[in-house]
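Data block below; observations after.
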Amino acid sequence: MRSFKAAILAGTFAIMAATNVFAADVKIGFIVKQPEEPWFQDEWKFAEQAGKEKGFTVVKIGAEDGEKVQSAIDNLGAQGVQGFIICTPDVKLGPGIVAKAEANGLKLMTVDDRLVDASGNALEDVAHMGISATKIGETVGQAIAEEIKKRGWDMKQVGAIRVSYDSLPTAVDRVEGAIAALKAAGFPAENIYDAPQAKTDTEAALNASTTVLNKHADVKYWIAFGLNDEAVLGAVRASESVGIPASNFIGVGIGGADSAINEFKKADATGFFGTVIISPKRHGYETALNMYEWVANSKEPEKLILTSGALALRGDYEKVRKDLGIE
Ligand code: FCA
Numbered sequence: 055m056r057s058f059k060a061a062i063l064a065g066t067f068a069i070m071a072a073t074n075v076f077a078a079d080v081k082i083g084f085i086v087k088q089p090e091e092p093w094f095q096d097e098w099k100f101a102e103q104a105g106k107e108k109g110f111t112v113v114k115i116g117a118e119d120g121e122k123v124q125s126a127i128d129n130l131g132a133q134g135v136q137g138f139i140i141c142t143p144d145v146k147l148g149p150g151i152v153a154k155a156e157a158n159g160l161k162l163m164t165v166d167d168r169l170v171d172a173s174g175n176a177l178e179d180v181a182h183m184g185i186s187a188t189k190i191g192e193t194v195g196q197a198i199a200e201e202i203k204k205r206g207w208d209m210k211q212v213g214a215i216r217v218s219y220d221s222l223p224t225a226v227d228r229v230e231g232a233i234a235a236l237k238a239a240g241f242p243a244e245n246i247y248d249a250p251q252a253k254t255d256t257e258a259a260l261n262a263s264t265t266v267l268n269k270h271a272d273v274k275y276w277i278a279f280g281l282n283d284e285a286v287l288g289a290v291r292a293s294e295s296v297g298i299p300a301s302n303f304i305g306v307g308i309g310g311a312d313s314a315i316n317e318f319k320k321a322d323a324t325g326f327f328g329t330v331i332i333s334p335k336r337h338g339y340e341t342a343l344n345m346y347e348w349v350a351n352s353k354e355p356e357k358l359i360l361t362s363g364a365l366a367l368r369g370d371y372e373k374v375r376k377d378l379g380i381e
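Heads up: the sequence shown begins at 55 in the numbering used here, then just goes up one per residue.
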């Protein structure tokens, strides 16, 4: 009888050992498409904060193209990581990323940019945290429309730069949200000019916007919106290079990381009028924590979480950041 009990006890321990992963053994990968962008630096920072608090390790890898994504996932597998979070450089890599994760026995979650299949449909089985893109875009459009009215501009005489990256669904939702709000405020659709950027950084946005501004050199007042702060900053830099004064330009970005903050800190106001601050803390800390819970405690993450944003201007961004807990 005693040995029977001992056997049960031993069995119980064996099961516990097999199912209970200790925090110190948990390693989570965090792959981002543009490691130099302040937004992604912040996501990493907050993921590491979660790791420090819970005692797990975060392995950070930047992957700017499909090939690098593939080798990054293999690399994580070889390092004994149990799961990873990714913001992919191309959402169409979706099925390949899922297959690679499975081949390496890794749990997978996405952040910011949601994976799609060959027909462009979201991979709904992969847990994702993104922003409420349309709504945040609308906030951008409303902020611009209000400022146009405040400055007393005639909307018919205003040109709009739609800095676009249409292969990324969240980018389309963001700019279309802005356009919907502008139109609702009476902005003429025919004054909106597309500036497709080759990459989602400031330089690509500057190049795309310069083309639009040169083509419509007769337009006096300009507004700009896009996927993120970098897109709008590119448009602002383009306006400066062709001599448009800051008082004739209203750009509102999305993000609120250092790219925007450094612009607000400049002694003189530029055409970068505002930004909708989104939360790198939720996207970095919470995704890392959710992955940890999945690995360590078998608690599956929610399939879809969409986070909100808050408009910030030069004069109030510090307060807005504080309220969001992202100082
Ligand atoms: C996309 C953009 C980033 C950031 C993120 C939330 O990945 O490229 O700049 O806005 O969504």
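All C-beta atoms, glycine included, are put in the ideal place defined by N, C-alpha and C.
Can you tell me whether residue 298 is helix, strand or coil according to DSSP?
Taking the first residue of the sequence shown as position 1, residue 298 is located at position 244. In this structure, residue 298 counts as coil in the three-state DSSP scheme.
Give every residue of the same chain whose Cβ lies closer than 7 Å to the Cβ of residue 73, excluding the five residues on either side of it in the sequence, and list them in chain order.
Indexing the sequence shown from 1 puts residue 73 at position 19. At residue 73, the pLDDT of 49 sits below 50, so the modelled position is not reliable; the number obtained from the coordinates is stated separately. Listed in chain order, the non-local C-beta contacts of residue 73 below 7 Å within the same chain number zero, local neighbours out to five positions each way being set aside.
Beta carbon of residue 264: closer than 7 Å to some heavy atom of ligand 1?
If you number the sequence shown from 1, residue 264 lands on position 210. Checking the Cβ of residue 264 against ligand 1 gives no.
For residue 256, list the residues DSSP reports as bridge partners.
Indexing the sequence shown from 1 puts residue 256 at position 202. DSSP, once it has assigned bridges, lists no residue as partnering residue 256.
Verify whether the separation of the beta carbon atoms of residue 366 and residue 310 is less than 8 Å.
Looking up residue 366 in the sequence shown gives position 312. Looking up residue 310 in the sequence shown gives position 256. At the C-beta level, residue 366 and residue 310 come within 8 Å of one another.
Is residue 348 near ligand 1, in the sense that its beta carbon is under 7 Å from a heavy atom of that ligand?
Reading the sequence shown from its first residue, position 294 is the one you call residue 348. No - ligand 1 has no heavy atom lying nearer than 7 Å to the Cβ of residue 348.
beta-carbon residue 381 near ligand 1 non-hydrogen atom, thresh 7 Å
On the sequence shown, position 327 is the one that residue 381 refers to. Flag unset: Cβ of residue 381 not near ligand 1.
Can you tell me whether residue 185 sits near ligand 1, meaning its C-beta is under 7 Å from at least one heavy atom of the ligand?
Numbered from 1 along the sequence shown, position 131 holds the residue referred to as residue 185. Yes, since a heavy atom of ligand 1 falls inside the 7 Å radius drawn around the Cβ of residue 185.
Ends of the beta strand (DSSP E) at residue 185?
Position 131 of the sequence shown, counted from the first residue, corresponds to residue 185. From DSSP, the beta strand (DSSP E) with residue 185 extends over 181-185.
Do you know whose CA, among 210, 340, 373, lies nearest residue 165's CA?
Position 111 of the sequence shown, counted from the start, is the residue given in the question as residue 165. Looking from the CA of residue 165, the closest CA among 210, 340, 373 belongs to 340.
Alpha carbon to alpha carbon, how far is residue 201 from residue 361? Give it in angstroms, no decimals.
Locating residue 361 in the sequence shown gives position 307, where the first residue counts as 1. Locating residue 201 in the sequence shown gives position 147, where the first residue counts as 1. Cα-Cα distance, rounded: 25 Å.
Rounded separation between residue 66 and residue 192 - CA only:
Against the sequence shown, residue 66 aligns to sequence position 12. Against the sequence shown, residue 192 aligns to sequence position 138. Residue confidence for residue 66 is low, a pLDDT of 49 falling below 50, so the modelled location carries little weight; the figure read from the coordinates is stated next. Taking the straight line joining both Cα atoms gives about 55 Å.
Are there any heavy atoms of ligand 1 lying less than 7 Å away from the beta-carbon of residue 309, as far as the coordinates show?
Translated into the one-based positions of the sequence shown, residue 309 becomes position 255. Yes; taking the cut-off as 7 Å, the Cβ of residue 309 has a heavy atom of ligand 1 nearer than that.
Check whether the Cβ atoms of residue 106 and residue 136 sit closer than 8 Å, and answer yes or no.
For this step, residue 106 is matched to residue 52 along the sequence shown. For this step, residue 136 is matched to residue 82 along the sequence shown. No.
What I want to know is whether the C-beta of residue 343 ends up closer than 7 Å to one or more non-hydrogen atoms of ligand 1.
As a working mapping, residue 343 is identified with position 289 in the sequence shown. No.
Assigned exposure category for residue 271 - 16 Cβ within 10 Å defines buried:
Here residue 271 refers to the residue found at position 217 of the sequence shown. Residue 271 sits exposed, since fewer than 16 C-beta atoms from the chains shown fall within 10 Å of its C-beta.
Please classify residue 379: is it buried, with 16 or more other beta-carbons within 10 angstroms of its beta-carbon, or exposed?
Here the question's residue 379 lines up with position 325 in the sequence shown. Burial call: exposed.
Would you please state the rounded distance, in angstroms, between the beta carbons of residue 332 and residue 198? I believe it to be under 8 Å.
As a first step, residue 332 is located in the sequence shown; it is residue number 278 there, counting from the start. As a first step, residue 198 is located in the sequence shown; it is residue number 144 there, counting from the start. Incorrect: roughly 17 Å between the Cβ atoms, too far for contact.
Endpoints, beta strand (DSSP E) assigned at residue 216:
By one-based count along the sequence shown, residue 216 stands at place 162. Here the beta strand (DSSP E) through residue 216 covers 212-218.
Please confirm whether any heavy atom of ligand 1 lies closer than 7 Å to the CB of residue 260.
For the purposes of this step, residue 260 is identified with residue 206 of the sequence shown, where counting begins at 1. In this structure, residue 260 has its CB at a distance of at least 7 Å from all heavy atoms of ligand 1.
For residue 376, count neighbouring Cβ atoms within 10 angstroms of its own Cβ and tell me buried if that reaches 16, exposed if not.
Along the sequence shown, read from residue 1 onward, the residue named residue 376 stands at position 322. Burial state of residue 376 is exposed, judged by a 10 Å Cβ sphere holding fewer than 16 other Cβ atoms.
DSSP state of residue 166 mapped onto helix, strand, coil:
The residue labelled residue 166 in the question sits at position 112 within the sequence shown. DSSP places residue 166 in coil when its eight states are reduced to three.
With hydrogens ignored, establish whether the beta-carbon of residue 147 is closer than 7 Å to any heavy atom of ligand 1.
Working through the sequence shown from its first residue, we reach residue 147 at position 93. Residue 147: no, Cβ never under 7 Å from ligand 1.
For residue 154, which residues in the same chain have their Cβ closer than 7 Å to its Cβ, ignoring the five residues on either side in sequence?
Position 100 of the sequence shown, counted from the first residue, corresponds to residue 154. By the criterion of a C-beta distance shorter than 7 Å, residue 154 is surrounded in its chain by 124, 127, once the five residues flanking it on both sides are discounted.
Residue 280 versus residue 92 - alpha carbon distance
Here residue 280 is taken as the residue at index 226 of the sequence shown, counted from 1. Here residue 92 is taken as the residue at index 38 of the sequence shown, counted from 1. Whole-angstrom Cα-Cα distance: 17 Å.
Could you check where the beta strand (DSSP E) with residue 383 kicks off and where it finishes?
The question about residue 383 has no answer, for the chain in this structure spans 55 to 381.
Answer yes or no: the CB of residue 282 versus the heavy atoms of ligand 1, is any distance below 7 Å?
As a first step, residue 282 must be located in the sequence shown, where it is residue number 228. Within the cutoff, so yes.
With distances taken between CB atoms, is the gap from residue 181 to residue 347 smaller than 8 Å?
Within the sequence shown, numbered from 1, the residue matching residue 181 stands at position 127. Within the sequence shown, numbered from 1, the residue matching residue 347 stands at position 293. With respect to residue 347, residue 181 sits apart: the two C-beta atoms are not nearer than 8 Å.
Within 7 Å: the Cβ of residue 102 and any heavy atom of ligand 1?
As a first step, residue 102 must be located in the sequence shown, where it is residue number 48. No - ligand 1 has no heavy atom lying nearer than 7 Å to the Cβ of residue 102.
Can you tell me which of 262, 244, 245 puts its alpha carbon nearest to the alpha carbon of residue 252?
As a working note, residue 252 is residue 198 in the sequence shown. Closest option to residue 252, Cα to Cα, is 262.
Could you round the C-beta distance between residue 329 and residue 283 to whole angstroms and report it? I think they count as a contact, below 8 Å.
For this step, residue 329 is matched to residue 275 along the sequence shown. For this step, residue 283 is matched to residue 229 along the sequence shown. Confirmed, about 6 Å.
Quick check: the Cα distance between residue 294 and residue 179, rounded to an integer number of angstroms?
The sequence position of residue 294 within the sequence shown is 240, counting from 1. The sequence position of residue 179 within the sequence shown is 125, counting from 1. Just so you know, the alpha carbons of residue 294 and residue 179 end up roughly 45 Å apart.
In chain order, each beta strand (DSSP E) run of at least 3 residues that lies wholly inside the region 293-371
List check, beta strand (DSSP E) in window: 303-309, 326-331, 358-361, 364-367.
Member of 89, 213, 374, 218 whose CA lies at the smallest distance from the CA of residue 122:
Here residue 122 corresponds to residue number 68 of the sequence shown, with the count starting at 1. Nearest of 89, 213, 374, 218 to residue 122, Cα basis: 89.
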